[in-house]
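Residue numbers (this note's numbering): 18 to 95.
Encoded structure:
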């Protein structure tokens with residue numbers, strides 16, 4: 018199992034619409050609104066062998082209202 022986070026910058030006024038769309042896909046573990054450079058952070062778990070870049074491009078970057086993403090790949094939980 019691979020865990021990663023995607024920080025999402027949304028178009029102005031579309032953060033909640035974007036979060037609701039991602040939640041409806043039911044591919045995430047957790048979704049949070051954030052303050053700072055990004056509007057949302059989403060935690061995902063995918064099976065080993067899944068191409069994270071393809072997953073993000075297909076399921077996150079195509080969501081309505083997404084302006085930019087930053088993916089954080091994790092290695093080990095403590």
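From the three backbone atoms N, C-alpha and C, an ideal C-beta is built for every residue, glycine too.
Between residue i and residue j, what straight-line distance do the alpha-carbon atoms span, to the nearest angstrom?
{"i": "residue 63", "j": "residue 29", "result": "30 Å"}
{"i": "residue 49", "j": "residue 31", "result": "14 Å"}
{"i": "residue 35", "j": "residue 74", "result": "15 Å"}
{"i": "residue 55", "j": "residue 92", "result": "22 Å"}
Mark residue i as exposed unless 16 or more other C-beta atoms lie within 10 angstroms of its C-beta, in which case mark it buried.
{"i": "residue 82", "result": "buried"}
{"i": "residue 57", "result": "buried"}
{"i": "residue 40", "result": "exposed"}
Measuring CB to CB, does residue i end up less than 8 Å from residue j?
{"i": "residue 86", "j": "residue 19", "result": "no"}
{"i": "residue 61", "j": "residue 21", "result": "yes"}
{"i": "residue 42", "j": "residue 76", "result": "yes"}
Going by the C-beta, is residue i closer than 7 Å to any heavy atom of the ligand FAD?
{"i": "residue 18", "result": "Here there are no bound small molecules, and the ligand FAD is not part of this structure."}
Where are the beta strand (DSSP E) runs, 3 residues long or more, that stay fully inside the stretch 41-67, in chain order? Listed in chain order, the beta strand (DSSP E) runs fully inside the stretch 41-67 are 47-50, 57-63, counting runs of at least 3 residues.
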